[in-house]
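Input: a single structure, listed below in structure tokens.
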Amino acid sequence: MDLSLSTRTVGDRTVVEVGGEIDVYTAPKLRECLVELVNEGNYHLVVDMEGVDFLDSTGLGVLVGGLKRVRAHEGSLRLVCNQERILKIFRITGLTKVFPIHASVDEAASATD
């Protein structure tokens, strides 16, 4: 399966809508998108993972790398996910302590840093 990416702005946040699988084959596409957004000066990102069917360790690494990039600019990276199978990956790896995870884009966009 492929990876689909689209971006939009909600308030002062840039939302990256992700669909499909984030794995060793598709993760570089997500990494490129996040790097480009930060290079363009977008430091407050929301990654909407509602359309993600699969996430592996490579995808987790890309998200952690994106978080490091925005934090280097005093920014934030919030995740939107309420799919139990994806949330379980974040819980098992302890990344629920690293990433703010929200149930909706509106909730993530309105959260204070």
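Numbering (the UniProt record's numbering), first residue to last: 1 to 113. Cβ atoms here follow ideal geometry from the backbone N, Cα and C, with glycine treated the same way.
Proximity test, residue i beta-carbon vs the ligand ADP heavy atom, cut-off 6 Å
i	result
I92	Inclusion of the ligand ADP in the displayed structure is not the case, the ligand content being empty and no account of it being possible.
Residues sharing a beta bridge with residue i, DSSP
i	result
S110	Partner(s): none; S110 has no beta bridge.
T9	T14
I22	L55
L45	T14, L77
L3	G20
D92	Reading the sequence as shown, one finds Ile at residue 92 and not Asp. Note: I92 sits in no beta bridge, so no partner.
Alpha helix (DSSP H) segment containing residue i, residue limits
i	result
N82	Element bounds for N82: n/a, residue is neither H nor E.
P28	27-39
Rounded distance between the beta-carbons of residue j and residue i, thought under 8 Å
i	j	result
V52	I86	6 Å
S80	V105	First, the amino acid is wrong: residue 80 is Val here, not Ser. Going by Cβ atoms, the distance from V80 to V105 rounds to 5 Å, so yes, they are a contact pair.
I22	L30	6 Å
G11	A109	5 Å
Sufficient close CB pairs (3 or more, under 8 Å) joining the stretch 16-30 to the stretch 41-52: As far as the Cβ criterion goes, the stretch 16-30 touches the stretch 41-52, which means the pair count is three or higher.
Contact the stretch 64-83 vs the stretch 98-109: 3+ CB pairs below 8 Å: yes
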